[in-house]
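Colleague: Sending over a structure as structure tokens; questions will come in a sec.
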Amino acid sequence: MKTDDLIAALAADTLQRPGAGRRLLRAAPPAAALSVLALLAFWGPRPDLAAALMSVAVLKHLLPLALAALAATLALWLSRPETRPGGRATLLLVYGGALVAGFGVALARGGAPGVDAALANPTLVTCLYSIPLLALPMLAATLWALSSGAPQRPALSGALAGLVSGGVAAAIYAIYCDQDAALFVLPAYGTGILVMTALGSVIGARVLRW
383 MKTDDLIAAL AADTLQRPGA GRRLLRAAPP AAALSVLALL AFWGPRPDLA AALMSVAVLK
443 HLLPLALAAL AATLALWLSR PETRPGGRAT LLLVYGGALV AGFGVALARG GAPGVDAALA
503 NPTLVTCLYS IPLLALPMLA ATLWALSSGA PQRPALSGAL AGLVSGGVAA AIYAIYCDQD
563 AALFVLPAYG TGILVMTALG SVIGARVLRW
């Protein structure tokens, strides 16, 4: 069978099954709920959560959720045969670049003392393992959703699934985390998200291959 015929057959088969978007809408809420319940059971909410949500600290929830939404949009787009990243990838890269630029501004303001304080923070280790753990249900849900499609770049699609799960998990972890300094949040949360992106790429290369 020629490559074009194979792609056409996969596309036709994809149309007969529930779309990746519908699958994700079905699987994501239970996965997120499971992570929230786990956080409340084993970590607990920060004591001043209500006040934090009314302050600039709410960005700890909104920014990673926006990252997850952009990654999900691109992942769903790439789950279709013969699609290219295009403008969706550009938007995701611009958003990621803006976050890096924000860290650069915070670094310029805080300097070495701010970095030293962030690295010495005793909650750093907790953050680095908590976000990946909380991300596992969403990673499974996203990979399951994408498996209904025919992604031509399974490693990339898996990485995007990891980015989705990491962003959602970071927003959930922020319910517990009472560290609001940008020099702590951006690198600590970012590292957890990148770990899930790498893990998603490795798993996606296997489970999303066709």
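Residues in the sequence shown are numbered consecutively from 383, following the working numbering.
Backbone N, C-alpha and C define an ideal beta-carbon position, used for all residues, glycine too.
Where do the N-terminal and C-terminal ends of the alpha helix (DSSP H) with residue 547 fall, by residue?
Modeller: 536 to 555 is the extent of the alpha helix (DSSP H) around residue 547.
Colleague: Could you compute how far the alpha carbon of residue 449 sits from the alpha carbon of residue 455?
Modeller: The alpha-carbon atoms of residue 449 and residue 455 are separated by roughly 10 Å.
Colleague: Using the three-state DSSP reduction, which class does residue 430 fall into: helix, strand or coil?
Modeller: Coil at residue 430, not helix or strand.
Colleague: Nearest CA to the CA of residue 566: which residue from 587, 520 and 489?
Modeller: Of 587, 520 and 489, the residue nearest in Cα terms is 489.
Colleague: In the structure shown, what three-state DSSP assignment does residue 498 receive?
Modeller: Helix at residue 498.
Colleague: What is the rounded straight-line gap between the Cα of residue 474 and the Cα of residue 502?
Modeller: For residue 474 and residue 502, the distance between alpha carbons rounds to 31 Å.
Colleague: What did DSSP end up calling residue 592 once you bin it into helix, strand or coil?
Modeller: DSSP places residue 592 in coil when its eight states are reduced to three.
Colleague: Hey, which unbroken runs of the beta strand (DSSP E) at 3 residues or more fall wholly within the region 451 to 498?
Modeller: Runs found: none.
Colleague: What do you reckon, are the CB atoms on residue 540 and residue 574 nearer than 8 Å?
Modeller: Against a cut-off of 8 Å, the Cβ pair of residue 574 and residue 540 comes out as no contact.
Colleague: Any idea if residue 507 is buried or exposed, counting beta-carbon neighbours within 10 angstroms, 16 or more meaning buried?
Modeller: Its Cβ having fewer than 16 others within 10 Å, residue 507 is exposed.
Colleague: Quick check on the burial criterion: 16 or more other C-beta atoms within 10 angstroms. Buried or exposed for residue 520?
Modeller: Flag for residue 520 reads buried.
Colleague: Classify residue 459 as buried or exposed, calling it buried when 16 or more other Cβ atoms lie within 10 Å of its own Cβ.
Modeller: Classification for residue 459: buried.
Colleague: Tell me whether the region 470 to 484 and the region 412 to 428 touch, counting them as touching only if at least three CB pairs, one residue from each stretch, are closer than 8 Å.
Modeller: The answer is no - the region 412 to 428 does not touch the region 470 to 484, with fewer than three Cβ pairs under 8 Å.
Colleague: Are residue 525 and residue 589 touching if we call contact CB-CB under 8 Å?
Modeller: Yes, Cβ-Cβ distance for residue 525 and residue 589 is below 8 Å.
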